[in-house]
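Sequential numbering of the sequence shown, starting at 561, is according to my numbering.
Glycine is no exception: its CB is placed at the ideal position from the N, C-alpha and C atoms.
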Amino acid sequence: MKKTGGVLTRQDLLELLKGQPPLLAGFVNLEEQLQPNGIDLTVREISAFSSRGNLTETNEGRELSKTTLLVFDAHGGVDLLPGAYLITFNEIVSLPSDIMALARPRSSLNRCGVSMHSAVWDAGYSGRSQSMLVVYNTHGFRLHRNARVMQLVFMYTTRDVGQGYSGRYQNENI
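Below, the structure is given as structure tokens:
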């Protein structure tokens, strides 16, 4: 029986991963990524910000910052100086209209002086999302392709939202 308004457990997630579309697809290693209360997302690409952005009171004035893709070296890593970066995840998320998600950085990042920042993942969203990684450590940080950086925590909404997310980022990066 589904509980409304609660955080999904490992067992709930396993059931939803069998759905069509699955809650998440494109895993690197599901056994390692599946946690008691969420799923770890992994690094597909990392980009540096190369221009300023702009937000106004309406979406017509929105201008996203341009980015420059960073290249992983022969060992699959990239050295990052202190600053902000845009991470694109491997996993494709497909949220039904009664499930939303919040993301938190893995604690290992925090212990290295690095954090992840993300917005709300609205019910009905589908896509290969992006989040911001910030290196606060003055010595920098080395990040590898497919590293687990963020845990996505899923929650049932108190009711089906009906019309789910339909904004600019729907079906992004697929």
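What span of residues does the alpha helix (DSSP H) with residue i cover, start to end?
i: S667; result: 667-670
i: L573; result: 570-577
What are the residues that DSSP puts in a beta bridge with residue i?
i: R649; result: According to the sequence displayed, residue 649 carries Phe and not Arg. F649 pairs with V603.
i: E732; result: G687
i: L594; result: I599
i: E623; result: N614
i: G643; result: V695
i: L583; result: Its beta-bridge partners do not exist; DSSP assigns none.
i: V567; result: M715
With the cut-off set at 7 Å, would you say residue i and residue j are in Cβ contact?
i: L655; j: A683; result: yes
i: L573; j: L640; result: no
i: R705; j: F632; result: yes
i: M715; j: L601; result: no
i: M692; j: H677; result: yes
i: S657; j: G724; result: yes
i: V653; j: L584; result: yes
i: I599; j: I647; result: no
i: L630; j: V638; result: yes
i: S610; j: F649; result: no
i: Y645; j: G673; result: no
i: G636; j: L624; result: no
What does the Cβ neighbour count give for residue i, buried or exposed, with the cut at 16 atoms within 10 Å?
i: R719; result: exposed
i: V603; result: buried
i: Q580; result: exposed
i: E620; result: exposed
i: N733; result: exposed
i: A634; result: exposed
i: L669; result: buried
i: M561; result: Residue placement at M561 cannot be trusted, given a pLDDT of 41 that sits under 50; the coordinates are not used to answer.
Beta strand (DSSP E) containing residue i: first to last residue?
i: D633; result: From DSSP, D633 is part of no beta strand (DSSP E); its letter is neither H nor E.
Checklist entry - Unbroken beta strand (DSSP E) runs of length 3 or more, entirely within the stretch 662-720: which are they? => result 674-677, 690-695, 701-704, 708-716
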